[in-house]
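The structure appears below as structure tokens.
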């Protein structure tokens with residue numbers, strides 16, 4: 000919502016801007032789920048009540064009282080925007096795409112690390128790609144030409160799957176292009192043997208935003224992410240506003256600035272933070288202009304800067320992130336030497352691109368697959384290597400009856416959910432390893448029981464109904480994507 004609010008404001012004020020935004024099939028499904036949407040609204044209404052209580056509680060602390068009032072006003076404003084778009088966030092972003100402001104793209108159905116799947120189940124690669132594209136087309140009415148590779152994980156064997164699905168461009172990590180002998184580096188897309196356009200992440204712009212040491216979000220004036228009222232307030236006072244009654248968690252009301260160094264944190268000052276936003280947006284655009292001047296005598300055509308970031312950075316980790324994006328768009332619109340384009344526009348309106356094959360790469364730690372294939376999580380890949388080929392085999396054997404197709408559809412859902420990259424990543428970071436392991440085992444065990452049922456006399460209707468209610472992703476899923 001904060002991102003949508005800023006983008007709509009730019010559009011309404013006539014500021015020309017272009018952004019590419021990947022909306023994953025799983026996120027879109029959640030944004031269209033009525034239960035989750037109702038929960039969101041109740042949650043935000045409760046947080047408005049909490050912010051109003053905080054105004055009273057901080058009566059003798061003017062800075063904190065003002066912040067609490069700001070939070071209450073912001074939450075009311077976001078609920079009003081929610082009502083304006085009738086709770087249809089995907090539709091609101093689609094409206095911006097129709098206005099020529101955005102290029103929407105999709106990703107693999109459940110954000111699977113595709114090179115790992117390709118090593119044991121090419122049918123699953125095809126299904127992850129096709130279902131992601133089909134779900135996007137079903138919701139937005141248009142099949143995207145861009146495809147976000149989960150974790151920027153690329154291997155040359157993915158090319159034929161993307162080309163067959165109608166994909167025209169994708170993004171790889173910097174070294175995927177640089178070590179492939181790209182003569183223009185990351186400053187132009189690389190046309191692959193399959194006719195696709197591979198864009199490489201521009202490293203300087205990435206470091207300016209992502210780096211823990213020098214990145215903009217670490218500025219001491221910005222709001223601190225970790226100091227949250229949910230952890231620091233009195234437990235009994237906060238109990239009605241916690242997500243669960245038994246554990247403390249964040250509520251989103253934060254009173255401290257990053258500050259820097261050790262010792263007490265300063266009270267967050269929104270005006271100082273907004274001054275930092277303006278400074279950093281100007282610096283970001285100025286840095287790109289400096290690169291343009293530097294490269295003018297080196298490259299045969301103007302450079303292309305591909306600057307991709309996780310959307311969760313803007314508003315979640317970095318509270319002022321949406322304001323930074325808006326400020327960058329405004330600043331860039333004032334610069335004649337810069338033109339904002341989406342990757343799809345570049346591929347259509349570009350010049351003579353360099354050719355070659357990107358090297359296998361990811362944007363994970365080390366630039367390879369180690370994050371998702373380490374000693375703490377490699378058992379998942381062994382289990383998937385055993386399970387994944389079973390679905391296309393079962394489809395060839397027993398598809399064709401209403402009962403069997405229903406079972407196969409749910410089995411496909413369970414397999415897709417087991418293939419999600421979230422589970423090995425959580426096991427790698429150690430944040431909630433028990434939960435991640437349980438989810439993988441649940442989905443694979445459900446998958447096994449479902450596939451045993453067509454030839455074994457039919458699955459119990461209660462089991463199937465329970466799984467369809469619990470694991471209900473992609474209601475129109477077609478298991479024939481695995482054929």
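Numbering (the working numbering), first residue to last: 0 to 482. C-beta atoms are modelled at their ideal positions from N, C-alpha and C, and glycine is treated no differently.
Proximal residues to residue i (C-beta, below 6 Å), its chain only, five neighbours per side dropped
i	result
residue 89	27, 30, 138
residue 36	86
residue 102	19, 341, 343
residue 46	74
residue 24	108, 131, 134
residue 78	43
Sequence-distant residues of the same chain with beta carbon closer than 7 Å to residue i, five excluded per side
i	result
residue 456	Low confidence applies to residue 456: its pLDDT is 49, below 50, so where it sits in the model is not reliable enough to give any reading.
residue 409	449, 463, 466, 467
residue 314	1, 2, 320, 321
residue 361	150, 151, 152, 172, 367, 368
residue 419	109, 110, 111
Nearest candidate by alpha-carbon position, reference residue i, set the options
i	options	result
residue 252	277, 161, 226, 19	226
residue 391	478, 117, 61, 38	478
residue 114	475, 157, 105	157
residue 271	363, 220, 348, 339	220
residue 301	135, 336, 328, 327	336
residue 62	381, 269, 348	269
residue 196	148, 57, 378	148
residue 339	310, 353, 303	303
residue 162	4, 430, 145	145
residue 57	266, 428, 239	266
residue 356	72, 250, 178, 141	178
residue 491	288, 41, 142, 44	Residue 491 lies beyond the range of the chain shown here (0 to 482); nothing can be said about it.
residue 106	124, 92, 93	124
residue 351	189, 234, 284	189
residue 175	475, 376, 358, 474	358
residue 435	470, 451, 396, 376	376
Close beta carbons around residue i, own chain, < 8 Å, minus the five adjacent residues each side
i	result
residue 386	414, 417, 443, 446, 447
residue 404	398, 478
residue 206	213, 214
residue 394	407, 478, 479, 481, 482
residue 116	123, 124, 127, 383, 387, 418
Extent of the continuous beta strand (DSSP E) run through residue i
i	result
residue 171	168-171
residue 452	Segment: none, residue 452 is in no beta strand (DSSP E) and carries neither H nor E.
residue 19	18-21
Where the alpha helix (DSSP H) through residue i begins and ends
i	result
residue 9	1-11
residue 384	377-386
residue 487	Because the chain spans 0 through 482 in this model, residue 487 falls outside it and cannot be assessed.
residue 236	234-237
residue 36	33-56
residue 228	228-231
residue 469	460-469
residue 159	158-163
residue 260	Run containing residue 260: none; DSSP gives neither H nor E here.
residue 185	That residue, residue 185, is in no alpha helix (DSSP H); it is neither H nor E in DSSP.
Whole-Å CB distance - residue i paired with residue j, under 8 Å assumed
i	j	result
residue 388	residue 118	In fact, because the Cβ distance is near 12 Å, the residues do not count as touching under 8 Å.
residue 185	residue 199	4 Å
residue 516	residue 230	A query on residue 516 cannot be resolved here, the shown segment of the chain reaching from 0 to 482 and no further.
residue 347	residue 427	Actually they do not touch by this definition, with Cβ atoms about 38 Å apart.
Residue i Cβ short of 7 Å to the ligand FMN heavy atom set
i	result
residue 196	The ligand FMN is not part of this structure, which contains no ligands at all.
Contact with chain B by residue i, beta-carbon distance below 8 Å
i	result
residue 429	Structure shown: chain B not included; a single protein chain is present.
- Task: Could you name each continuous beta strand (DSSP E) segment of 3 residues or more that falls completely within the region 192-225, going from the start of the chain to the end?
- Result: 196-199
- Task: Give, in chain order, every unbroken run of the beta strand (DSSP E) that is at least 3 residues long and sits entirely within the region 81-139.
- Result: 101-106
- Item | Minimum length 4: unbroken alpha helix (DSSP H) runs contained in the region 347-429 | 377-386, 389-397, 401-417, 421-428
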